[in-house]
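One structure is given here, and the rest of the page talks about it.
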Amino acid sequence: MFKAALEAIQRWSELHQKQQDNTSTTTREDQAYLPIVIKACYDVFDYPQGWLVDSTNIHQTSPDNETRQTEMSVLRHKYISMLACNLFRIFDLIKQEQETFRLITFLSDSRKQQLYTLFSKEALNSVLLLTEHAAERCLDRQQQQQTDDTTVNYFL
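Okay, so the sequence shown: first residue is 236 according to the working numbering, each after it adds one.
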């Protein structure tokens, strides 16, 4: 599942780069592929009982089990935040503010796993910066719309 999400991100990156290199292309393959990327990432985030949660011998207190639980925790911390940060960067790159806000809401949902708690301080700072960019674009767009509305009303 995680591998599928990484492959989807890689494929989207290739399509996006190809589109950037060939500005005469009338179709946006990267935009068409974006829902596949989003679904693959959310499938990892929303995996039943949590991604990389080891349900075998959970209550066993052997040193091997404790080591395994520690390793699984490290993997969750590393890969969940990496996947989320990549998705936030994609949304920032293509100016998908609504998707940015949807993802931040999902990651912080108290009824779910509160996945943001898996992020390092650096990853959280990166997410906050990308969320700030999205909020600024929304505010700029709203301000531009109000200016346009005022101009139209002036001439009516």
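Note that the Cβ used here is the ideal one computed from N, Cα and C, for glycine as well.
Pairwise C-alpha distance: residue j and residue i
i, j, result
"Met-236", "Ala-319", "14 Å"
"Thr-385", "Ala-240", "45 Å"
"Lys-313", "Phe-336", "22 Å"
"Gln-304", "Pro-270", "33 Å"
"Trp-247", "Arg-346", "31 Å"
"Cys-276", "Glu-357", "20 Å"
"Leu-310", "Phe-280", "13 Å"
"Gln-254", "Glu-334", "21 Å"
"Gln-378", "Leu-365", "20 Å"
"Lys-330", "Thr-302", "42 Å"
"Thr-261", "Glu-367", "Because the pLDDT at Thr-261 is just 44, under 50, the model does not fix this residue reliably, and the point stays unresolved."
"Leu-264", "Asp-256", "The sequence given here places Glu at residue 264; Leu does not occur at that position. About 13 Å."
"Lys-238", "Asp-278", "11 Å"
"Leu-339", "Ser-361", "The displayed chain sequence assigns Ile, not Leu, to residue 339. Between Ile-339 and Ser-361, the C-alpha separation is close to 12 Å."
"Glu-242", "Met-307", "22 Å"
"Asp-375", "Gln-266", "23 Å"
"Gln-380", "Glu-249", "34 Å"
Residue i and residue j closer than 8 Å at C-beta
i, j, result
"Tyr-351", "Leu-359", "yes"
"Asp-327", "Ala-370", "no"
"Asn-321", "Ile-273", "no"
"Gln-349", "Ser-343", "yes"
Supposed contact pair residue j and residue i - C-beta distance, whole angstroms, cut 8 Å
i, j, result
"Ser-297", "Leu-353", "Incorrect: roughly 25 Å between the Cβ atoms, too far for contact."
Residue-chain proximity (residue i, chain B), Cβ-Cβ < 8 Å
i, result
"Arg-263", "Protein chains in the displayed structure number just one, and chain B is not present."
Candidates the options: closest to residue i by CA position
i, options, result
"His-251", "Leu-374, Arg-324, Thr-382, Thr-340", "Arg-324"
"Phe-341", "Tyr-282, Glu-264, Asp-299", "Tyr-282"
"Glu-332", "Arg-372, Ser-308, Glu-306, Met-307", "Arg-372"
Residue i: first and last residue of the uninterrupted alpha helix (DSSP H) it sits in
i, result
"Lys-238", "237 to 256"
"Arg-303", "298 to 328"
"Asp-265", "264 to 280"
"Thr-340", "332 to 343"
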